[in-house]
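The structure under discussion appears below in the form of structure tokens.
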Amino acid sequence: MIAHDEAAALVEQKVKNRNLRKHIYAVEAGMIRLAEYFDEDPELWGRTGLLHDLDYDKTVRKPDKHTFITEDWLKSYNLPPEMIAAIRCHPGHTPCQTKLDWALYATDPTTGFIVACALMHPGKRLAGVDSEFMLRRFGEKRFAAGATRENIAACSNLGLELAEFLDLIKEGMLRIGDTLEL
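Mapping of the sequence shown onto the numbering used here: residues 1003 to 1184, in sequence order.
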């Protein structure tokens, strides 16, 4: 397994957009929290979240190439195949099959949705956002329109209700609130 410091250095090297790096760290935090909840490997799940958008700066205008460049960059690290499979699944290049696949697929847009909720909340802090607020906003199609509701709702494939899933991801993100500046 690639060490966290090495994976984070790759993110810093390959991802120049500061907000995208925040997104990546938020996904990592959410994935770690889900791994804990499901009694899975937090290191594997966290690294999967940390590396999932490594090539996004290069593929933002070529979505059909997204994750394939990442896979190429990561070949020399001999990462677990399930990590690469989940990374490939998150933009829909291959169908989700495992809990790890579904977790990344659902968590990726959820972090952006939760950030939008925090920014709309009067306190502009993650800590002030509760389930009721998130669920109300989830029903508003125009709110955080880029956060694909279908992907977020795929948390049901993990056996989670939407409110519980949103709370778990928010809990993970709260752990790195300073990094996210929320």
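Note that beta-carbon positions come from the ideal geometry of N, C-alpha and C, so glycine has one too.
Query - alpha helix (DSSP H) segment containing P1091, residue limits - result: Per the sequence shown, the amino acid found at residue 1091 is Cys instead of Pro. Residues P1083 to C1091.
**Report entry** Spatial distance of F1135 from C1119 (CA atoms)
**Finding:** Going from the Cα of F1135 to the Cα of C1119 covers about 8 Å.
Report task. Would you kindly report the start and end of the unbroken alpha helix (DSSP H) that includes M1033? Result -> Boundaries of the alpha helix (DSSP H) harbouring M1033: R1020 to F1040, taken from the DSSP string.
Query - Neighbourhood of H1123 by C-beta, 6 Å cutoff - its chain only, sequence neighbours within 5 removed - result: Sequence-distant Cβ neighbours of H1123 in its own chain, meaning closer than 6 Å and more than five residues away, are G1130 and V1131.
**Report entry** Environment of L1050 [buried if 16+ CB atoms lie within 10 Å]
**Finding:** The question names Leu, but residue 1050 is Thr in the sequence shown. Buried, by the Cβ-count rule.
**Report entry** Residue nearest to K1101 in terms of C-alpha spacing, selected from A1010, R1020, N1019 and M1033
**Finding:** Here the closest residue by C-alpha is M1033.
Query - Element boundaries [alpha helix (DSSP H), containing F1140] - result: That run of the alpha helix (DSSP H) goes S1133 to F1140.
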